[in-house]
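In this note's numbering, the protein residues as written are 522 to 688.
Structure first, commentary second.
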């Protein structure tokens, strides 16, 4: 079931488009997860069956022990709470505890101020700006802001995120 999503939710998205139904979330994960260095995550609200959000871990690098988080969208009513924050615990646990990374890099379009605030609220430190980083579907160039959550600061991040599961 599709949750309420504002028209601008996908304004800054690249090729990672919306998986807006329960079946589409599973199909998107089935398409992305076999790709080298990718793992797709989605959250379905147990009470309503609605798709709350989706994100992808990518560029998972064994050599440098890091990964990127991106292609993230969050349905309007869950922004900043509930399922949107509950997804972060399993993603960070998988990245740091299972894969053994030392660095997780959330990235976003430099123009996406809401996403940047949400990333920084999670204690991810802004590391830099990649100018003309990606060619958008409309032909414009995207500048990408790179943030990082370091293993050294993981405990503070987990404490800020609160309980590991949403109701």
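All C-beta atoms in this analysis are idealised placements derived from N, C-alpha and C, irrespective of residue type, glycine included.
query, result
"Would you check if the segment 658-665 and the segment 640-648 touch, i.e. whether three or more CB-CB distances between them fall below 8 Å?", "no"
"Run the CB neighbour count on residue 636, radius 10 Å, all protein chains shown included, and call it buried at 16 or more, exposed below.", "buried"
"Apply the 10 Å Cβ neighbour rule to residue 596 and answer buried if 16 or more other Cβ atoms are within range, or exposed otherwise.", "buried"
"Is residue 645 closer than 8 Å to residue 615 when the C-beta atoms are compared?", "no"
"Just tell me which of 613, 655, 621 and 648 has its CA closest to the CA of residue 680.", "613"
"Could you name the residues of the same chain whose beta carbon sits closer than 6 Å to that of residue 609, not counting the 5 residues immediately before and after it, in chain order?", "682"
"I need the straight-line Cα distance from residue 564 to residue 670, nearest angstrom please.", "22 Å"
"Can you tell me whether DSSP reads residue 640 as helix, strand or coil?", "helix"
"Let me know the secondary structure DSSP gives residue 673 once reduced to three states.", "helix"
"Name the DSSP beta bridge partners of residue 665, please?", "630 and 651"
"Counting along the chain, where does the beta strand (DSSP E) carrying residue 593 start and finish?", "587-595"
"Under a Cβ-count criterion, where at least 16 other Cβ atoms within 10 Å of its own Cβ denotes burial, should residue 553 be classed as buried or exposed?", "buried"
"Flag this pair as yes or no: are the beta carbons of residue 530 and residue 594 separated by less than 8 Å?", "yes"
"Look up residue 688 in the DSSP assignment and say whether it is helix, strand or coil.", "Because residue 688 sits at a pLDDT of 37, beneath the cut-off of 50, its placement in the model cannot be relied upon, and the following sentence gives the value as read from the coordinates. Note: residue 688 maps to coil in three-state DSSP."
"Can you tell me where the alpha helix (DSSP H) holding residue 614 begins and where it ends?", "609-614"
"Alpha carbon to alpha carbon, how far is residue 558 from residue 587? Give it in angstroms, no decimals.", "11 Å"
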